[in-house]
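For the sequence shown, my numbering gives the first residue as 1, with consecutive numbering after it.
Step one of this worksheet: look at the structure below.
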Amino acid sequence: MTDTPNNLPNSAPSRQHLALLTLGVEGGMLTIGLLLCWLVGPDLLGSLSLSPMTLLQGALWGLLMLAVVVLIIDHPASPFAGLQEDMGQLRTLFQNAKPVDVVFMSVMAGLGEEVLFRGFLLHHGSEWLGIPAGLALSSLLFGLVHAISFAYVAFASLLGLALGLLYLWSGTLMVPIVAHGAYDVAALWYLLRLRRETPEPKA
């Protein structure tokens with residue numbers, strides 16, 4: 001990604017602003033998730049160990065999720081066709097980001113959101129309400145945190161459901177953490193480099 005100051009939207013935040021926003025939002029979720037797990041459990045230390053296999057599994061699942069998302073959004077009969085406008089807003093939000101910023105934001109999102117929504121909420125929701133209800137509740141709350149629009153809430157909830165199932169299947173939080181981070185890196189690269197808005201025709 002390269003800087004193109006003359007073509008950037010006026011509302012595009014600076015790299016410094018994006019870094020502070022990431023630290024505040026994603027770092028805040030990570031802190032809250034770790035604090036809650038420390039107070040009432042579970043002990044996440046065993047679930048946060050990274051091995052070559054969990055890294056490979058997470059990366060492959062993250063890329064697979066993006067491939068499915070792209071196919072769904074681009075399908076003419078997709079119920080998520082309304083996400084096109086949301087994609088434009090996200091493109092504006094991250095327009096100033098350089099590759100190192102994208103990686104930083106994605107790693108923080110993977111850590112913060114997975115520790116809170118899967119490591120804590122899905123774990124305890126499944127214990128209190130049963131696995132199906134715990135999975136649904138944690139996924140819906142995950143979607144509501146991404147409330148850009150109603151369509152995006154539904155879209156993010158489905159992503160949360162996929163990440164929750166990945167956590168339950170793998171038995172370790174590190175797989176959805178890596179999958180989430182890999183998905184975000186690939187999705188932002190796709191959004192900023194491959195899915196640029198078509199320029200308006202000149203009058």
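Note that CB positions come from ideal geometry on N, CA and C, so glycine has one too.
N- and C-terminal bounds of the alpha helix (DSSP H) containing residue i
| i | result |
| --- | --- |
| D101 | P99 to E113 |
| P42 | Counting along the chain, P42 falls outside any alpha helix (DSSP H), and DSSP gives it neither H nor E. |
| A77 | Run containing A77: none; DSSP gives neither H nor E here. |
| A133 | I131 to V145 |
| W188 | In the sequence as displayed, the identity of residue 188 is Leu instead of Trp. Taken as a continuous stretch (DSSP letters only), the alpha helix (DSSP H) holding L188 covers M174 to W189. |
Under the three-state DSSP convention, the category residue i falls into
| i | result |
| --- | --- |
| S126 | helix |
| L63 | helix |
| F94 | coil |
| P201 | The pLDDT assigned to P201 is 39, lower than 50, so where the model puts this residue is not dependable; a value taken from the coordinates is nonetheless given after this. Coil, per DSSP. |
| A154 | helix |
| L50 | coil |
| D3 | For D3, the predicted model reports a pLDDT of 40, less than 50, meaning its position is unreliable; a value from the coordinates is still stated below. Residue state, collapsed to three classes: coil. |
| A12 | coil |
| S170 | helix |
| I72 | helix |
| L148 | Reading off the sequence shown, one finds Ile at residue 148, where the question assumed Leu. Residue state, collapsed to three classes: coil. |
Rounded Cβ spacing between residue i and residue j (contact assumed at less than 8 Å)
| i | j | result |
| --- | --- | --- |
| F142 | G33 | The Cβ separation is near 12 Å, so there is no contact. |
| L191 | L60 | Not a contact, Cβ separation roughly 21 Å. |
| G82 | A151 | 4 Å |
| L44 | V178 | Not quite, the Cβ-Cβ distance comes to about 15 Å (not below 8 Å), so this is no contact. |
| G62 | H180 | 7 Å |
| P13 | L93 | 7 Å |
| L30 | N96 | Their Cβ separation, rounded to whole angstroms, is 24 Å, which puts L30 and N96 out of contact at 8 Å. |
| V175 | G88 | Actually they do not touch by this definition, with Cβ atoms about 32 Å apart. |
| L137 | L144 | Their Cβ separation, rounded to whole angstroms, is 11 Å, which puts L137 and L144 out of contact at 8 Å. |
Top-ranked residue by Cα proximity to residue i, from the options
| i | options | result |
| --- | --- | --- |
| W169 | L135, P52 and F150 | L135 |
| G160 | L20, L50, L140 and A77 | L140 |
| M65 | L173, G24, K98 and L163 | L163 |
| Q221 | A67, A182, S78 and V102 | What is shown of the chain runs 1 to 203, which leaves residue 221 out entirely. |
| L165 | T31, L45, I148 and F117 | F117 |
| E113 | V25, L18 and S14 | V25 |
| I131 | A154, V185, Y167 and F155 | Y167 |
| V40 | A133, E127, S157 and S138 | E127 |
| I73 | A154, P176, S51 and M174 | A154 |
| W38 | V115, M174, S78 and V70 | V115 |
| S49 | P79, L173, R193 and S138 | L173 |
| G171 | P42, G28 and P99 | P42 |
| A182 | R193, A67 and L36 | A67 |
Any C-beta of chain B under 8 Å from that of residue i
| i | result |
| --- | --- |
| G130 | The question asks about chain B, but that chain is absent: this structure has only one protein chain. |
Report yes or no: do three or more beta-carbon pairs, one from the segment 123-134 and one from the segment 103-113, lie closer than 8 Å? With the rule of 3 Cβ pairs closer than 8 Å, the segment 123-134 does not count as touching the segment 103-113.
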